[in-house]
Structure formats: C-alpha cells, structure tokens
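See below for the structure under consideration.
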Amino acid sequence: MKKKSSSEQLLMLLKMRCELDAATVAKELAMTKEGARQHLLKLEEDGLVKKECKSIGVGRPFSFYSLTDAGLAKFPDTHADVTVQLLDSVRNILGENALELLISDREKQTYERYENELKSAKTVEDKLERLSKIRSQEGYIAEWTKESSDYYFIENHCPICAAARACQRFCRAELQNFQKLFGAQFKVERIQHILADENRCVYKIGKLDQEVLSIK
1016 MKKKSSSEQL LMLLKMRCEL DAATVAKELA MTKEGARQHL LKLEEDGLVK KECKSIGVGR
1076 PFSFYSLTDA GLAKFPDTHA DVTVQLLDSV RNILGENALE LLISDREKQT YERYENELKS
1136 AKTVEDKLER LSKIRSQEGY IAEWTKESSD YYFIENHCPI CAAARACQRF CRAELQNFQK
1196 LFGAQFKVER IQHILADENR CVYKIGKLDQ EVLSIK
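Numbering of the sequence shown is given in this note's numbering, commencing with residue 1016 and proceeding in unit increments.
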C-alpha cells in the first residue's frame, strides 16, 4: 500500500480532529513545528485549509486550522450522483415500499457481515476495535474512545452521505444495526449527526443497569 504523503496525513488529521493548531499537528504527525506550519501554509495557499485566530487566556492569539469545503471534498461521497439517481428511480418506478425493502435487505446483509466479524470478540473494547477497522475500510474513518463508563464510536466521514440525505432510512438502519451488535445490555444512541450539520457522527454506547434490564 502506498504511504500517504505528509499533506495527505495532515488533511486526514484535520478531518478527524476538526480543528488544530500547528503545535498539535506537529506532535500528532511527529514533525517539527516549523515543518507543520509550512505544510499548513501550503495547504492554505491551495485553498484546502483555512486559518482562524483565537484568544485563549492571556497572551497572543493562537492560529487554528480546519478544512475548507475544498478540503472536505478530498473525502468524497461514494458515487453520490449515481446512487441518488438510482434511489429516485426505485422510489418513482416501484414505490416507497420497494425502497424500504431494498434498504432493509442491505441492513440485513450488513448486520450479518458485521456479526460474523465481531462474534469472537471477548469484550466491548474488542468489538469497538473490530468495528472501527471494518467501518474505516468502508470509508467512514472510524475510531472509538471511552469516557468514564461510556463508550463513544466516532465516524469522521460518511461515504454514503448523499444517499442518506435522499433517504434517512439508511441512518436509521445503521443505528439499529449498532444496537443489535452491542446487545440489549447496552443503549446505543447517536449524539452527533453529519446530516444535522455536525462534523461527524458520534454514537454513545452506555451499559444499562440491572434494574432497567429487569423492567425490559
């Protein structure tokens, strides 16, 4: 596999972290601060990155960098126009019910594939690690983290965003699949959503206590 250039790594980092200063970029990419500034300046000149100065406490303002629309376009929706056209054709020719059946079948196949990949996982952390790898391979740039007793599954990109905007049943199906994968002892909820103009989709995965489970 071809190694990503420093500029490509930097764009990916900004995609995943939304906004960073040069010092953090340097630390994350194991380069000097001056090297990070030079890469950021070049990307800014190319129209892929924008800079915003912010005051943090006492002292001079810090420069923070984020992706422009052109930078975000480096992470394209997969076959967006063709996909939306096909969805519209199914809806117009066969009806809304046929579209629902189509997405339900996709949901079922996706769940079975994920379940097979995750079935030998011993812990929720292992499940999250495997799911992150699978979803990243599919273009979602996925990762996970833990805060206190809750887990957060993060997707920094949506490769089917245009299709999801055309039919939000795709998003509902994905949430349902995640809930089934983690089981009844967990509650999975989407707390950030790209379709709600957020930078990423974030799912909170919290373990339900025994009292809640007994009520169910």
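Every residue gets a Cβ at the ideal spot worked out from N, C-alpha and C, and that includes glycine.
Since we're looking at a predicted model, the values are computed, not measured.
Item                                                                                                                                                                     : Value
Evaluate the contact criterion for the segment 1129-1142 versus the segment 1174-1188: three or more CB pairs, one atom per stretch, below 8 Å.                          : no
In whole angstroms, give me the CA-to-CA distance for leucine 1063 and glycine 1086.                                                                                     : 4 Å
Apart from the five residues just before and just after leucine 1117, which ones in its own chain have a Cβ nearer than 8 Å to its Cβ?                                   : Val1105
How long is the line joining the alpha carbons of leucine 1029 and serine 1081, rounded to whole angstroms?                                                              : 6 Å
Please confirm whether any heavy atom of the ligand GDP lies closer than 6 Å to the CB of isoleucine 1175.                                                               : Ligands displayed in this structure: none; no statement on the ligand GDP is therefore possible.
Please return the same chain residues whose Cβ sits closer than 7 Å to the Cβ of histidine 1172, not counting the five positions on each side in sequence.               : Lys1030, Phe1090, Gly1154, Tyr1155 and Ile1156
Can you find the residues in the same chain that come closer than 7 Å, C-beta to C-beta, to tyrosine 1126, ignoring five residues on each side of it along the sequence? : Asn1192 and Lys1195
Residues in its own chain within less than 6 Å of serine 1021 by CB, not counting five upstream and five downstream?                                                     : His1054
Tell me, please, which residues DSSP counts as bridged to glycine 1221.                                                                                                  : Lys1202
From glutamate 1059 to lysine 1069, what distance separates their C-alpha atoms?                                                                                         : 17 Å
Look up tyrosine 1126 in the DSSP assignment and say whether it is helix, strand or coil.                                                                                : helix
Mind checking which residues open and close the beta strand (DSSP E) that includes isoleucine 1209?                                                                      : Unbroken run through isoleucine 1209: none, as it is neither H nor E.
Where do the ends of the alpha helix (DSSP H) carrying serine 1022 lie?                                                                                                  : 1021-1032
Could you check how far apart the C-beta atoms of serine 1164 and lysine 1202 are, in whole angstroms? I think they sit under 8 Å.                                       : About 12 Å; that fails the 8 Å criterion.
Assuming tryptophan 1159 and isoleucine 1149 form a contact by the criterion Cβ under 8 Å, report the distance between their Cβ atoms to the nearest whole angstrom.     : Not a contact, Cβ separation roughly 12 Å.
Note down, in chain order, each residue of its chain lying with its Cβ closer than 6 Å to the Cβ of isoleucine 1206, except the 5 sequence neighbours on either side.    : Val1217 and Lys1219
When burial is assigned at 16 or more other CB atoms within 10 Å of the CB, is leucine 1026 buried or exposed?                                                           : buried
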